[in-house]
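Undergrad:
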Amino acid sequence: MTMDLTLLKTQKKSFRTSFTVCAKKIDDELLKEAPELTQLSILKSQISDKFARLETCQAEITTLILKTEDAEQVYEEDFLSAEKYLDNYIELCSQIEQLYLKDSSTKDFSERRKFKLPKIELKKFDGDAKNYLSFWSQFRKIHEDSSIPNEDKFQYLLQAVVPKSKAARVVESFPATADNYQKAISQLQERFGRNDLLVQIYVRDLLSMVMKNAATGRSKTDLPALYDELEAKIRALESLGRTQEKYGDFLNPLVESCLPEEVLVAWERSRNHSITETKESRTLEQLMNFLREEVKGEEMVNLARTGFASNQSSRRKELHNDHVKQSESTTASALVSLQAPGKIIHNCIFCDKSHPSEKCFTARKMPLAAKQKLLLKKGACFSCLKKAGHLSKFCNVKNQLNCSHCNNRHFDIMCDKNNESKCVPKPENSLSNCSKSETIFLQTVCVLIRYQGQQELIRVLMDSGSQSSYISEKIVTQLKAYPLRTETVIHALFGGKETKPTYHEVFPVEVSNLNRTFSCSFEVLSEKTICSFIPRIENKQILNELKRKEIDFTDSFRNETEINLLIGADVLGKLLTGNTVELESGLTAVDTKLGWTVFGKGSYEKDNILTTLSMHSMNVPINKLWQLEVLGISSPTETEKEKGNIDLNDFNDKMKILPDGRYEVELPWKYDSKNLPSNKELVWKRHERMINRFGKGEFFSDYQKVFQDWEKLNIIERVPDFELNRECHYLSHRPVMKLDSQTTKIRPVFDASASQRGGSFFERMFI
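Counting with UniProt numbering, you get residues 1 to 767 for the letters of the sequence shown.
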């Protein structure tokens, strides 16, 4: 028996060697980018035959081992060795079968679709919570794909947010590493994707529709658009788990309140005439089904009304267009079409003809006020001259424009050519002399500012009179900085005046000198503009003196003139070294850890080249010398026009577009509103007379109800007790009755022209 066992083990060794060689061939074939299925099929048959013979030999060996005494350990070792070959065989067969299945599914897919679909672009998220659901439903495929590493997922996430938006600011606050990807996703979901936040947003949208219906009555409404809007909000709530079955009783009254009166009447009539009326007939599903049928009916009615008329109207329009083309094509060159196929030509905003608005010949003859009025009427931008749905200050094309007359950011056609101060060429005559020039210089220095790997070279103002340090919003945007918190600050101005409380974001920054031998970190407040222009030392006498005294002054050769960082007393004391040098020009050089600063009142000789208008000018006609404008006397009409342009620009700059699409503007004051009288005594006397006259009438309660409704709709609000003693202006009001009105029979009218002394409210406004 021992002899038989030895022979069988020798045979098993040969079988295992043959099995291993075949398994190696299968592994090599599977590692190829495109394995050959035919070769794999042959190798699978071979390895199956080899494993069957190996398994038969192994069974005989196992039988002989079990017949020997004390064979437990030998049997266990032999069994474990045989199991390795069994596992390897099963794994190879499974991989080959998976490859077969993948190939068959690919063939079915190619047979099923023989065309190429367009690429799907990732929906970019702008930080508006309303758009989070649609964004996340698409990006979740990338997020849940385990084959994509987290580094690549982070790059996809950066591409899926709108640049410079709230969402981009959240994502870019994390370094783009694999460990931070999940943190960025969690922060996005916490800020914009919380279910409780989204539910409140959609419910408030429904409430705003209710308030709009209550205010306007929705006498004339687009029912299909209203239905689509309601359907979108209800479906969004369902995706957040607020289904109709659970929350229908709560949502149903809100939806009913959004509907116009005639639709509500039809809804009640359909319920009352229903044959199978049950308690569930007022469910939200029943209401939405009713609205769906109403929308279908309205669309069929519109189709029936316009079906026959559309052919006639289109025929008339075609004949009219042919007539217009014949009248415009007066030359042979006009009959040649040079338009490329598929190219869109925007008609002129001024004359509606097919040429660019900025080249319109008709508009060149129009005054600027008429062109601006026409653009406002058509809802077009003053900069790009297109109906783009934005104001001029938000126009992306504005930075690419440059007027050839005044160098401002607009087309030449929108330049105010009537303003001669912009278009008169500069006289070429000059007057050269030598004089003493005195300039006040402030403590400025050039430094390097860093934030999370970003670095910028900026100009700094050191001001010991400021209690805090400030940074411009321009540098915050360039550094892509993320605020630590928000603080409320009241600024005390010269003369004891104080500003209103303003909100400033707090940012951490690191500042170093140009040699990078010293750096410090501190917190700064954001500000749109730090200060106006501050002169730089460019006089050669002062610069040579600084060079002789080996003072390395950095703020003398940089092109940047804007102050982007103000270091106040909270940080300045830690930067001073105590070294000071008095200069011959009267200036004082102070050494700081960030570099030398020079300030004071400097006096030096300067060769001046002054632009003057003299009797020796050859560029001015002789008759011009008697014009008032040349003598420095401006026309009252021109002055008033310039003032009106300034007021219009101020109005456009202060206009804001709220997230809900509404406009918000400040009151257009002519001058300081603090001198406006209160008119309290005058208004009180008028109010008493109004009460004595209408207080006992039947319409007085209706008049009071108007104010109560306004208060509920947040159109007006009660003045808090702590503001009663502050400066304010009172307006008197009186009721105006119109009994034949179907909507408002009585309404208040405010008198803004009433004044006791000092001018009225109406006189102080640009109205």
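Quick reminder that beta carbons are idealized off the backbone N, C-alpha and C, glycines included.
Alpha carbons only, please: which of Glu487, Val460, Arg485 and Ser468 is nearest the one belonging to Ile475?
TA: Along the sequence shown, read from residue 1 onward, the residue named residue 475 stands at position 475. Minimum Cα distance to Ile475 is reached at Val460.
Undergrad: How would you call Gly573, buried or exposed, if buried means at least 16 neighbouring beta carbons within 10 angstroms?
TA: Residue numbering aside, residue 573 sits at position 573 when the sequence shown is read from its first letter. Gly573 should be labelled exposed.
Undergrad: Near Glu664, which residues of its chain fall below 6 angstroms by C-beta distance, leaving aside the five closest residues on each side in sequence?
TA: Position 664 of the sequence shown holds residue 664. Only Lys656 and Leu658 meet the Cβ criterion.
Undergrad: Going by Cα to Cα distance, which pick from Lys373, Ala59 and Glu298 is closest to Pro224?
TA: Numbered from its first residue, the sequence shown carries residue 224 at position 224. Looking at the Cα atoms, Glu298 is the closest of the given residues.
Undergrad: Can you tell me the Cα-Cα spacing of Arg726 and Glu681, whole angstroms?
TA: Along the sequence shown, read from residue 1 onward, the residue named residue 726 stands at position 726. Along the sequence shown, read from residue 1 onward, the residue named residue 681 stands at position 681. Looking at the two C-alpha atoms, the distance is approximately 16 angstroms.
Undergrad: Quick one: using the 10 Å Cβ neighbour count with 16 as the cut-off for buried, is Met765 buried or exposed?
TA: Within the sequence shown, residue 765 is the residue found at index 765, counting from 1. Per the 10 Å Cβ criterion, exposed.
Undergrad: Am I right that Leu566 and Ile530 are in contact with their C-beta atoms under 8 angstroms? What's the rounded C-beta distance?
TA: Residue mapping note: residue 566 aligns to position 566 of the sequence shown, counting from 1. Residue mapping note: residue 530 aligns to position 530 of the sequence shown, counting from 1. Their Cβ separation, rounded to whole angstroms, is 5 angstroms, which keeps Leu566 and Ile530 in contact under 8 angstroms.
Undergrad: I'd like the span of the beta strand (DSSP E) that includes Val509, first residue to last.
TA: The residue labelled residue 509 in the question sits at position 509 within the sequence shown. Thr502 to Ser512 is the extent of the beta strand (DSSP E) around Val509.
Undergrad: Which value, in whole angstroms, describes the spacing of the CA atoms of Gly379 and Leu254?
TA: In the sequence shown, the residue the question calls residue 379 occupies position 379. In the sequence shown, the residue the question calls residue 254 occupies position 254. Rounded to the nearest whole angstrom, the CA to CA distance from Gly379 to Leu254 is 34 angstroms.
Undergrad: Going along the chain, which unbroken runs of the alpha helix (DSSP H) with 4 or more residues stay wholly within the segment 128-153?
TA: Taking only runs of at least 4 residues, the alpha helix (DSSP H) segments lying wholly in the segment 128-153 are 132-143.
Undergrad: Based on DSSP bridge pairs, tell me the residues matched to Thr580.
TA: Taking the first residue of the sequence shown as 1, we reach residue 580 at position 580. Answer by DSSP bridge pairing, in chain order: Val590.
Undergrad: If I'm right that Glu473 touches Lys398 with Cβ under 8 angstroms, what's the distance once you round it to whole angstroms?
TA: Your numbering for residue 473 matches position 473 in the sequence shown. Your numbering for residue 398 matches position 398 in the sequence shown. Contact flag wrong, Cβ pair sits at about 18 angstroms.
Undergrad: Please confirm whether Leu667 and His729 have their CB atoms less than 7 angstroms apart.
TA: As a working note, residue 667 is residue 667 in the sequence shown. As a working note, residue 729 is residue 729 in the sequence shown. Contact flag unset, no.
Undergrad: Give the list of continuous alpha helix (DSSP H) stretches no shorter than 4 residues that lie fully inside the segment 34-90.
TA: 37-67
Undergrad: Just the Cα atoms here: how many angstroms apart are Asn652 and Phe192?
TA: As a position in the sequence shown, residue 652 is number 652, starting the count at 1. As a position in the sequence shown, residue 192 is number 192, starting the count at 1. If you take the alpha carbons of Asn652 and Phe192, they lie about 32 angstroms apart.
Undergrad: Under the rule that 16 or more other beta-carbon atoms within 10 Å means buried, what is Asn515, buried or exposed?
TA: Position 515 of the sequence shown, counting from 1, holds the residue named residue 515. Exposed, because fewer than 16 other Cβ atoms sit within 10 Å of the Cβ of Asn515.
Undergrad: With 16 as the cutoff for other CB atoms within 10 Å, does Asp709 come out buried or exposed?
TA: Within the sequence shown, residue 709 is the residue found at index 709, counting from 1. Classification for Asp709: exposed.
Undergrad: Flag this pair as yes or no: are the beta carbons of Lys599 and Gln443 separated by less than 7 angstroms?
TA: Looking up residue 599 in the sequence shown gives position 599. Looking up residue 443 in the sequence shown gives position 443. As written in the sequence, residue 599 is Phe, which differs from the Lys given in the question. Yes. Within cutoff.
Undergrad: Whole angstroms is fine: what's the gap from Phe700's alpha carbon to Leu713's?
TA: Residue 700 sits at position 700 when you count from the first residue of the sequence shown. Residue 713 sits at position 713 when you count from the first residue of the sequence shown. Those two C-alpha atoms are separated by around 20 angstroms.
Undergrad: Taking the runs of the alpha helix (DSSP H) that are 4 residues or longer, which of them lie wholly in the segment 161-234?
TA: 166-172, 178-192 and 195-216
Undergrad: In chain order, what residues of the same chain have a beta carbon less than 7 angstroms from the beta carbon of Trp669, not counting five sequence neighbours either side?
TA: By 1-based counting over the sequence shown, the position of residue 669 is 669. Contacts found: Arg764 and Met765.
Undergrad: Can you tell me whether Phe533 is helix, strand or coil according to DSSP?
TA: Start at 1 with the first residue of the sequence shown, and residue 533 comes out as number 533. Assigned with DSSP and collapsed to three states, Phe533 falls in coil, not helix or strand.
Undergrad: Which of the three DSSP states is assigned to Glu763 in this structure?
TA: Locating residue 763 in the sequence shown gives position 763, where the first residue counts as 1. Note: Glu763 maps to helix in three-state DSSP.
Undergrad: Using only alpha-carbon positions, find the residue among Pro720, Ala754 and Ile715 that is nearest to Leu731.
TA: Here residue 731 refers to the residue found at position 731 when the sequence shown is read from its first residue. Cα-wise, what sits closest to Leu731 is Ala754.
Undergrad: Would DSSP call Asp28 helix, strand or coil?
TA: Walking along the sequence shown from the start, residue 28 turns up at place 28. The answer is helix: DSSP assigns Asp28 an H, G or I state.
Undergrad: Contact defined as beta carbons within less than 8 angstroms: I believe Phe382 pairs with His410. What is the distance between those atoms, to the nearest angstrom?
TA: Reading the sequence shown from its first residue, position 382 is the one you call residue 382. Reading the sequence shown from its first residue, position 410 is the one you call residue 410. Indeed, because the Cβ distance is near 7 angstroms, the residues count as touching under 8 angstroms.
Undergrad: Go ahead and label Arg364 buried or exposed: buried means 16 or more other beta carbons lie within 10 angstroms of its beta carbon, across all protein chains shown.
TA: As a working mapping, residue 364 is identified with position 364 in the sequence shown. Counting Cβ neighbours within 10 Å, Arg364 comes out exposed, since fewer than 16 surround it.
Undergrad: Can you give me the C-alpha to C-alpha distance between Leu575 and Gln182, rounded to a whole angstrom?
TA: For this step, residue 575 is matched to residue 575 along the sequence shown. For this step, residue 182 is matched to residue 182 along the sequence shown. Using only the alpha carbons, I get a separation of about 40 angstroms.
Undergrad: Do Leu31 and Ile96 have their C-beta atoms within less than 7 angstroms of each other?
TA: Against the sequence shown, residue 31 aligns to sequence position 31. Against the sequence shown, residue 96 aligns to sequence position 96. Cβ atoms of Leu31 and Ile96: not closer than 7 angstroms.
Undergrad: State yes or no: is the C-beta of Leu92 within less than 7 angstroms of the C-beta of Ile26?
TA: Locating residue 92 in the sequence shown gives position 92, where the first residue counts as 1. Locating residue 26 in the sequence shown gives position 26, where the first residue counts as 1. Result yes, Cβ atoms of Leu92 and Ile26 sit closer than 7 angstroms.
Undergrad: Name the DSSP bridge partner or partners of Ala492?
TA: Along the sequence shown, read from residue 1 onward, the residue named residue 492 stands at position 492. Paired residues: Glu498.
Undergrad: Quick one: grab the DSSP three-state call for His410.
TA: What you label residue 410 is simply residue 410 of the sequence shown in a count that begins at 1. Correct three-state label for His410: coil.
Undergrad: Rounded to whole angstroms, what is the Cα-Cα separation between Ser678 and Phe694?
TA: For the purposes of this step, residue 678 is identified with residue 678 of the sequence shown, where counting begins at 1. For the purposes of this step, residue 694 is identified with residue 694 of the sequence shown, where counting begins at 1. Their backbone Cα atoms lie some 25 angstroms apart in a straight line.
Undergrad: Looking at the structure shown, is Glu723 part of a helix, part of a strand, or coil, going by DSSP?
TA: Counting from 1 along the sequence shown, the entry for residue 723 is found at position 723. It is helical.
Undergrad: Along the alpha helix (DSSP H) that carries Ser701, what are the first and last residues, could you check?
TA: Against the sequence shown, residue 701 aligns to sequence position 701. Membership of Ser701 in the alpha helix (DSSP H) is indicated by the continuous run Phe700 to Lys712.
Undergrad: Quick one: Cα of Ile61 to Cα of Leu5, how far?
TA: What you label residue 61 is simply residue 61 of the sequence shown in a count that begins at 1. What you label residue 5 is simply residue 5 of the sequence shown in a count that begins at 1. Their Cα atoms are separated by approximately 6 angstroms.
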